[in-house]
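Protein chains in written order, with the numbering used here: chain P, 22 to 432; chain L, 215 to 347.
Quick reminder that beta carbons are idealized off the backbone N, C-alpha and C, glycines included.
Scroll down for the structure; my scribbles are underneath it.
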């Protein structure tokens, strides 16, 4: 956005004295575009997730508002804006009211450095992923404030659990991102992508077995930080009503869930940019090659496809896995993920120090790790296909009809 | 305005827009949403019963210990980021042994800390009294 604004100034208003105003306008345009993107993505993700949940649980899901229920999220949003805004009598009114702001700012602030393609980024901060870690802590602050200030026991327990969970899992996530920094030699998000290549064995996830471990650990930790199942204990409906947002209603309630669904994109995009090659197109590796609009657009499509694939995996996980117990969740983080993340960090350091990127041994390691990853993905796809076949055979045996949905009805 | 300054102006703009968006929708919502407060609505949810006492009571100190341990590790991670960033540049400059041993030493000290906390039992969520053991 900086380059674009600069070009705009040179082209149209070269003699304008207050050029800083144009820069602020440029940042504002990016912010508004990304706000629209975040709202649209969060809404559509909520719709798609409910459809996937419906299909997995053998029910229909929302299908009334608009074609196939596509506008369900608009209706939900409008309904919740028109609901009364309640503040419990015993609550701390100021803290209760400002908590959603922190949650929203923590979510939306990450979009500054999230890239969408080559040069397609609001501002390429040179502290990129460090800034990401810092700004997402705002969310914990909001959740703690909301949980504490409600003066409700459910909220208090939900808020405390959530805070304990998010801060615990920030450590493995941070250490996994440290190995990314070691690999890329920069913290800027575009720099990290430029350090990787377009082909899978040029991605950081397959740089060595250790970086594959770092990727898995980062992914699990990101699930936990986004309060996604199997780590959704803070809002475990069956035990804590709704956790930290029990007392929230109307639009303040929307903000918490807006942040949760927008967070789906954020966590997947961070995984893709740090580990899965970002917007790099296969065989086009030089950063200078990405100057034409067509290449940038192709990179954007590649980035989005990778990110949406991860989002789908996260949604599928939510409706497949049961919830952890609190002590299991803590044990998993402190006794397995953190030592594992340290091992991955030391291993990445060793591989980086011993084998350079282009040495035959380095290429061999990358290729072997890629084969392992490809086998895992193939096994995953094979299991889905096998389950689908078994289910449809079963369905045919039970009902005499074949199980078939038109493709556009599959969420 | 340099690219560096522009980056942090963007952060400011994004955060301001986040605050303004939530505030704006809440203010706009005032005109379309009802406001009929009552005593029942203003009480907190406690499964339909009348709430007993306040929720601002002492809670389990385990959360406090986790927060302390987190604080230490998080600060260490923040300190390690600059070193990690220059790691590959130093390896390319032929000083791999130096930077590797430095970073490994630092991580080693962290691991000793983790082992200490683990041994003390602060990582166990389920705690037992001595006579149960």
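Legend entry - Contact under 9 angstroms by Cβ, residue 265 of chain P with residue 168 of chain P: What you label residue 265 of chain P is simply residue 244 of the first chain in a count that begins at 1. What you label residue 168 of chain P is simply residue 147 of the first chain in a count that begins at 1. Yes, these two residues count as a Cβ contact at 9 angstroms.
Inset, instruction - Measure from the alpha carbon of residue 281 of chain L to the alpha carbon of each residue in L:218, L:331, L:271 and L:220, then state which is nearest. - result: Position 67 of the second chain holds residue 281 of chain L. For residue 281 of chain L, the nearest C-alpha among the options comes from L:331.
Legend entry - Residues that residue 403 of chain P contacts on chain L, provided the C-beta gap is smaller than 7 angstroms: By one-based count along the first chain, residue 403 of chain P stands at place 382. Those within 7 angstroms of residue 403 of chain P in chain L number zero; the least Cβ separation is about 37 angstroms.
Inset, instruction - Using the Cα positions of residue 432 of chain P and residue 89 of chain P, report the straight-line distance between them to the nearest angstrom. - result: Locating residue 432 of chain P in the first chain gives position 411, counting from the first residue. Locating residue 89 of chain P in the first chain gives position 68, counting from the first residue. Low local confidence applies: a pLDDT of 45 at residue 432 of chain P is under 50, so the model's placement there is unreliable, and no value is given.
Inset, instruction - Compare the Cα-Cα distances from residue 110 of chain P to each of P:60, P:171 and P:140 and report the closest residue. - result: For the purposes of this step, residue 110 of chain P is taken as the residue at position 89 of the first chain. It is P:171.
Inset, instruction - In the DSSP assignment, find the unbroken alpha helix (DSSP H) run with residue 152 of chain P in it and report its ends. - result: Along the first chain, one-based indexing puts residue 152 of chain P at 131. Unbroken alpha helix (DSSP H) run through residue 152 of chain P: 149–170.
Legend entry - Distance between residue 227 of chain P and residue 221 of chain L (C-alpha atoms, nearest Å): Counting from 1 along the second chain, the entry for residue 221 of chain L is found at position 7. Counting from 1 along the first chain, the entry for residue 227 of chain P is found at position 206. Cα to Cα, residue 221 of chain L sits roughly 31 angstroms from residue 227 of chain P.
Inset, instruction - Identify, in the order they occur along the chain, each residue of the same chain with its Cβ nearer than 8 angstroms to the Cβ of residue 248 of chain L, setting aside the five sequence neighbours on each side. - result: Within the second chain, the letter at position 34 stands for residue 248 of chain L. Correct list: empty, nothing qualifies.
Legend entry - residue 370 of chain P classed as buried or exposed, judged by whether at least 16 other C-beta atoms fall within 10 angstroms: Residue numbering aside, residue 370 of chain P sits at position 349 when the first chain is read from its first letter. Looking at its Cβ environment, which holds 16 or more other Cβ atoms inside 10 Å, residue 370 of chain P is buried.
Inset, instruction - Return the CA-CA distance between residue 251 of chain P and residue 336 of chain P, expressed in angstroms with no decimal places. - result: By one-based count along the first chain, residue 251 of chain P stands at place 230. By one-based count along the first chain, residue 336 of chain P stands at place 315. If I take the Cα positions, the gap works out to 11 angstroms.
Legend entry - Within-9 angstroms CB hit, residue 323 of chain L to chain P: Within the second chain, numbered from 1, the residue matching residue 323 of chain L stands at position 109. Residue contact with chain P for residue 323 of chain L: absent (no Cβ-Cβ distance below 9 angstroms to any residue of chain P).
Inset, instruction - Look at the alpha carbon of residue 19 of chain P and the alpha carbon of residue 202 of chain P, and state the distance between them as a whole number of angstroms. - result: With chain P represented from 22 up to 432, any question about residue 19 of chain P goes unanswered, as that position is not in the structure.
Inset, instruction - Compare the beta carbon distance of residue 288 of chain P and residue 243 of chain P with 9 angstroms and say whether it is the shorter of the two. - result: The count along the first chain starts at 1 and reaches residue 288 of chain P at position 267. The count along the first chain starts at 1 and reaches residue 243 of chain P at position 222. Contact: yes.
Inset, instruction - Report back the beta-carbon spacing between residue 192 of chain P and residue 284 of chain L to the nearest angstrom; my notes put them in contact at under 8 angstroms. - result: Position 171 of the first chain, counted from the first residue, corresponds to residue 192 of chain P. Position 70 of the second chain, counted from the first residue, corresponds to residue 284 of chain L. 7 angstroms between Cβ atoms; contact.
Legend entry - Closest Cα partner of residue 152 of chain P within the set P:34, P:208, P:331 and P:340: Along the first chain, one-based indexing puts residue 152 of chain P at 131. It is P:208.
Legend entry - Boundaries (first-last residue) of the alpha helix (DSSP H) holding residue 286 of chain P: The residue labelled residue 286 of chain P in the question sits at position 265 within the first chain. Looking at the DSSP string, the run of the alpha helix (DSSP H) that includes residue 286 of chain P is 271–296.
Legend entry - Best match in P:293, P:70, P:115 and P:33 for proximity to residue 282 of chain P [C-alpha to C-alpha]: To locate residue 282 of chain P, count along the first chain from 1; it is residue 261. Closest option to residue 282 of chain P, Cα to Cα, is P:70.
Legend entry - Burial state of residue 134 of chain P (16 or more Cβ within 10 Å): Reading the first chain from its first residue, position 113 is the one you call residue 134 of chain P. Looking at its Cβ environment, which holds 16 or more other Cβ atoms inside 10 Å, residue 134 of chain P is buried.
Legend entry - Spatially closest choice to residue 241 of chain P from P:347, P:359 and P:125, by CA coordinates: Here residue 241 of chain P refers to the residue found at position 220 of the first chain. That would be P:359, whose Cα lies nearest to the Cα of residue 241 of chain P.
Legend entry - Short CB-CB distance (under 9 angstroms) between residue 307 of chain L and chain P: Counted from its first residue, the second chain places residue 307 of chain L at position 93. No, residue 307 of chain L lies away from the interface with chain P (no Cβ there is under 9 angstroms from its Cβ).
Legend entry - Cβ of residue 136 of chain P within 9 angstroms of any chain L Cβ: Residue numbering aside, residue 136 of chain P sits at position 115 when the first chain is read from its first letter. No, residue 136 of chain P lies away from the interface with chain L (no Cβ there is under 9 angstroms from its Cβ).
Inset, instruction - Starting from the beta carbon of residue 54 of chain P, find every residue of chain L whose beta carbon is closer than 7 angstroms, and list them in chain order. - result: To locate residue 54 of chain P, count along the first chain from 1; it is residue 33. What residue 54 of chain P touches in chain L: nothing, since even the nearest Cβ is about 11 angstroms away.
Legend entry - Coarse secondary structure for residue 138 of chain P, derived from DSSP in three states: Taking the first residue of the first chain as position 1, residue 138 of chain P is located at position 117. Residue state, collapsed to three classes: strand.
Legend entry - Interface partners of residue 356 of chain P on chain L, CB under 8 angstroms: Looking up residue 356 of chain P in the first chain gives position 335. Those are 332 and 337, listed as they occur along chain L.
Legend entry - CB contact check: residue 253 of chain L to chain P, cutoff 9 angstroms: Start at 1 with the first residue of the second chain, and residue 253 of chain L comes out as number 39. Answer yes: the Cβ-Cβ gap between residue 253 of chain L and chain P drops below 9 angstroms somewhere.
Legend entry - Backbone CA spacing between residue 341 of chain L and residue 265 of chain L [nearest angstrom]: One-based indexing of the second chain puts residue 341 of chain L at position 127. One-based indexing of the second chain puts residue 265 of chain L at position 51. Straight-line spacing of the CA atoms in residue 341 of chain L and residue 265 of chain L works out to 30 angstroms.
Legend entry - Near-chain L residues of the segment 233–251 of chain P (beta-carbon distance less than 9 angstroms), N- to C-terminal order: none
Legend entry - Contacts that residue 351 of chain P makes with chain L (C-beta to C-beta distance below 9 angstroms): Working through the first chain from its first residue, we reach residue 351 of chain P at position 330. Simply 276, 280, 337, 338 and 339.
Legend entry - Counterpart residues of residue 305 of chain P in DSSP-defined beta bridges: Against the first chain, residue 305 of chain P aligns to sequence position 284. According to DSSP, residue 305 of chain P shares a beta bridge with P:302.
Inset, instruction - Starting from the Cα of residue 336 of chain L, find the closest Cα among P:99, P:352 and P:181 and give me that residue. - result: Here residue 336 of chain L corresponds to residue number 122 of the second chain, with the count starting at 1. Of P:99, P:352 and P:181, the residue nearest in Cα terms is P:352.
Legend entry - Option nearest residue 277 of chain P by Cα separation, candidates P:268, P:256, P:114 and P:121: By one-based count along the first chain, residue 277 of chain P stands at place 256. Nearest C-alpha to residue 277 of chain P: P:121.
Inset, instruction - Can you tell me the Cβ-Cβ gap for residue 341 of chain P and residue 293 of chain P, rounded? I've got them flagged as a contact below 8 angstroms. - result: For this step, residue 341 of chain P is matched to residue 320 along the first chain. For this step, residue 293 of chain P is matched to residue 272 along the first chain. That pair is no contact at about 22 angstroms.
Inset, instruction - For the segment 225–248 of chain L, enumerate the residues whose C-beta is nearer than 9 angstroms to any C-beta of chain P, in chain order. - result: Within the segment 225–248 of chain L, 225, 226, 227, 228, 229, 230, 231, 232, 233, 235, 236, 237, 239, 240, 242, 243, 244, 246, 247 and 248 place their CB atoms closer than 9 angstroms to a CB of chain P, listed in sequence order.
Inset, instruction - Please classify residue 104 of chain P: does DSSP put it in a helix, a strand, or coil? - result: Counting from 1 along the first chain, the entry for residue 104 of chain P is found at position 83. Here residue 104 of chain P sits in coil by DSSP.
Inset, instruction - Output, in chain order, the set of chain L residues within a Cβ distance shorter than 8 angstroms of residue 122 of chain P. - result: Walking along the first chain from the start, residue 122 of chain P turns up at place 101. Under the 8 angstroms cutoff, chain L gives 232, 233, 236 and 237.
Legend entry - CB contact check: residue 145 of chain P to chain L, cutoff 9 angstroms: As a working note, residue 145 of chain P is residue 124 in the first chain. Judged by the 9 angstroms Cβ criterion, residue 145 of chain P is in contact with chain L.
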